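Have a look at the structure below before the remarks.
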Amino acid sequence: MGQSPSQFMEDMQRRSNFTQPELERLKKRFMKLDSDGSGSIDRDEFLRIPQIASNPLASRMIAIFDEDGGGTVDFQEFVGGLSAFSSRGGREEKLRFAFKVYDVDRDGYISNGELFLVLKMMVGNNLKVSSSGRFAFETFNGTNTSTRFLWPGPATTTDC
1 MGQSPSQFME DMQRRSNFTQ PELERLKKRF MKLDSDGSGS IDRDEFLRIP QIASNPLASR
61 MIAIFDEDGG GTVDFQEFVG GLSAFSSRGG REEKLRFAFK VYDVDRDGYI SNGELFLVLK
121 MMVGNNLKVS SSGRFAFETF NGTNTSTRFL WPGPATTTDC
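At position 116 of the sequence shown (counting the first as 1) the number is 116 in full-length UniProt numbering, and the numbers step up by one without a gap.
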């Protein structure tokens, strides 16, 4: 038998860094983002969040939020993904999220190929690798300085 809505929200509070009022605001925002009323957010709906749409790692962030790999993000996944960015999120939680950005195949390791792929997402076609397989700081010079490589700071329930 399923949980009641209040039990579900209490469980979400225990498993996240958000208070009950914050979760209520997140639920309202989630429902607005879920424009087709499916109960989950697809890629297009997810990209309506300005902080994600302008991020070169948007596709990685969506993949990380989508824990079950189903191609959509349900409310529980939405809260879980945002929880790391809460001002109450711990250092390890934030580091785990950052690690997941680079662990594209979700095998628990970051390969050279994954590192290169994510760096290329961040700097675009400006990533020039020498024959030795290395690149210099100058590679990053001249890239869009307004680009945010990860979230711009602690998440609030009004950010999304």
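The beta carbon of each residue, even a glycine, is placed where N, CA and C say it ideally should be.
The structure displayed is predicted, hence computed values, not measured ones.
Query, Result
"For Gly70 and Ser79, the rounded distance between their alpha carbons", "Looking at the sequence itself, residue 79 is Val, so the reference to Ser does not match. Computed Cα separation, rounded: 16 Å."
"Rounded C-alpha distance that separates Met122 from Ser4", "42 Å"
"Asp44 - DSSP class collapsed to helix/strand/coil", "helix"
"Buried or exposed (CB count within 10 angstroms, at least 16 for buried), Leu117", "exposed"
"Segment contact, 8 Å Cβ cut-off, at least three pairs: the region 86-102 with the region 28-39", "no"
"Which residues DSSP lists as bridging Val73, in chain order", "Ile41"
"Other residues of its chain near residue 170: CB distance less than 7 Å, five sequence neighbours each side excluded", "Given that the chain is displayed from residue 1 to residue 160, the structure contains no residue 170 and the question cannot be resolved."
"Proximity of Ser35 and Asp74 at Cβ, strictly below 9 Å", "no"
"9 Å Cβ cutoff met for Glu93 and Asp103", "no"
"Three-state secondary structure (DSSP) of Ser6", "helix"
"Spatial neighbours of Ile52 in its chain, beta-carbon cut-off 7 Å, leaving aside the 5 residues before and after", "Phe46, Ala58 and Met61"
"Residue-level contact to chain C via CB, Gln76, 9 Å cutoff", "Absent from the structure is chain C; it holds one protein chain and no more."
"Pick from Phe8, Glu22 and Ser6 that is closest to Arg88, judged by C-alpha positions", "Glu22"
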